[in-house]
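Reviewing the structure listed below.
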Amino acid sequence: MSDHTPDIAPSGRPLRLGTRASDLATSQSGWVADQLRALGHEVELVHVQTEGDRSSAPLTQIGGTGVFVSALREALQEGHIDFAVHSLKDLPVGEEAGLVVAAVPEREDPRDVLISRDRLTLQDLPEGAVIGTGSPRRAVQLQAAAPQTTVTGLRGNVGRRIGKVTDGTLDAIVLAAAGLRRLGRIDEASEVLEPSVMLPAPGQGALAVECRYDDRRTTRLLAQLDHAPTREAVTAERSLLGALEAGCSAPVGALATREGDELVLEAVVGTGTGTAAGTGEDTTSGTGGDTASGTGGDTASGAGILRHTVRGQTAVDVGHEMAQHFLKHLAPHGGSPFKTPAAQHSGA
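Now the structure itself:
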């Protein structure tokens, strides 16, 4: 939260906070509401159902993770709610006319975790073990890190996904640590996957608090929740996504951290294999291959990924430099290999 607290008097009615109705979404929105209540503002939660909640189809078939955002934005534009809380990793990169992200609160743990039967680690999973994920980003990195396993598609809320492990349907699943922490279920994780093994989605673990651009009072009020280091980091990560013209469901992982006077961005992209987990196919087997991490940033991989590290001063420049590095390898003749109809629909 910012150290500077503007003098903003509460209005005559509660602020209407739009949120999806899932346990995770209401937990995230409830946390934001509590921060505002602590500043003396009344807040009420308004549940909004999105296309992503109504459909059980793979995200890549219904428009990427942006489908979790559109209904909330529509409710904002029409004045049914005053502001909305999104998981930042679900927010399309392109700006939405008339809306502004007024606050990016301090980030929760950005890493992924493994939940497995018998609490096995990723490396201890046996040959042929089946791991569930709906994320092409996770799928390609799993194939590089654990080629002995098979990856299959997975949708549903956190409880339903964990249930696939406890009932024996799957050997393991991968989830975001932030969601489990917010739900008080982090103890169910068998292993925290470090960024050297699994880079998170751009913006993972962070929230975006969005309101109407012309609602200056609400914009100023929400700005009190902004955390400058988090906003800088996610700006670098999302600048990479935007420069790649990739949707939020593309096989792209990124994590930015500040080291002294340098902003360090680590990123990984899938090179065309291992993305079936998000496409509706039943399974995709690990392809094998060793991944050799390079200290200068480049990673050579036989498992369908490229990994790189960039250091710089400004978030946007670091993200764009990273994108140019990947595009030089993936699309040497121009264009973007990620710009698909689904990517365009999800805000690329």
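Position one of the sequence shown corresponds to residue 17 (the numbering used here), numbered consecutively onward. We put the CB at the ideal spot given by N, CA and C, even for glycine.
Using DSSP with H/G/I as helix, E/B as strand and the rest coil, what is residue i?
i: Arg323; result: strand
i: Thr185; result: coil
i: Gly263; result: coil
i: Val109; result: coil
i: Ser103; result: strand
i: Glu204; result: helix
i: Leu241; result: helix
i: Asp277; result: coil
i: Ala222; result: coil
i: Ser367; result: This structure gives no information on residue 367, because the portion of the chain shown stretches from 17 to 364.
i: Gly169; result: coil
i: Gly294; result: Interpretation of Gly294 is limited by its pLDDT of 38, a score under 50 that renders its predicted location unreliable; the figure taken from the coordinates is listed afterwards. Three-state DSSP puts Gly294 in a helix.
i: Leu136; result: coil
i: Ile147; result: strand
i: Ile131; result: strand
i: Arg228; result: strand
i: Gly175; result: helix
i: Thr81; result: With a pLDDT of 45 at Thr81, under the threshold of 50, the predicted position of this residue should be treated as unreliable, and no value is reported.
So, is residue i buried or exposed, given that buried needs 16 or more other C-beta atoms within 10 angstroms?
i: Pro348; result: exposed
i: Gln44; result: buried
i: Arg232; result: exposed
i: Glu207; result: buried
i: Gly169; result: buried
i: Pro121; result: buried
i: Gly351; result: exposed
i: Phe354; result: buried
i: Arg29; result: exposed
i: Asp50; result: exposed
i: His341; result: buried
i: Gln157; result: buried
i: Thr246; result: buried
Looking at the unbroken alpha helix (DSSP H) that takes in residue i, where does it start and where does it end?
i: Ser45; result: Asp39 to Ala54
i: Leu141; result: Where Leu141 is concerned, there is no enclosing alpha helix (DSSP H), given that its DSSP letter is neither H nor E.
i: Leu237; result: Arg232 to Leu238
i: Asp333; result: Ala331 to Leu346
i: Arg374; result: What the structure shows of the chain is the stretch from 17 to 364, and residue 374 is not part of that stretch, so it cannot be assessed.
i: Arg198; result: Ala193 to Leu199
Since residue i is in the beta strand (DSSP E), which residue starts that stretch and which ends it?
i: Ser86; result: From DSSP, Ser86 is part of no beta strand (DSSP E) but of the alpha helix (DSSP H) over Ser86 to Gln93.
i: Ala119; result: Leu115 to Ala119
i: Glu60; result: Val59 to His63
i: Thr35; result: Leu31 to Thr35
Please check the pair residue i and residue j, which I expect to be a contact at CB under 8 Å, by giving their CB distance rounded to whole angstroms.
i: Leu279; j: Glu248; result: 7 Å
i: Ala259; j: Gly335; result: 6 Å
i: Leu238; j: Ala118; result: 4 Å
i: Ala193; j: Asp128; result: 6 Å
* Please determine if the stretch 152–165 and the stretch 127–144 are in contact, where contact requires at least 3 C-beta pairs separated by less than 8 Å. => Flag = yes, the stretch 152–165 and the stretch 127–144 touch.
* To do: Spell out a yes or no on whether the stretch 210–221 and the stretch 269–289 are touching, meaning 3 or more CB-CB pairs, one atom from each, closer than 8 Å.
  => Yes, since at least three Cβ pairs between the stretch 210–221 and the stretch 269–289 fall closer than 8 Å, the two stretches touch.
* Taking three-plus beta-carbon pairs below 8 Å as touching, is the stretch 80–99 in contact with the stretch 169–178? -> By the Cβ test, the stretch 80–99 is not in contact with the stretch 169–178, since fewer than three Cβ pairs between them sit closer than 8 Å.
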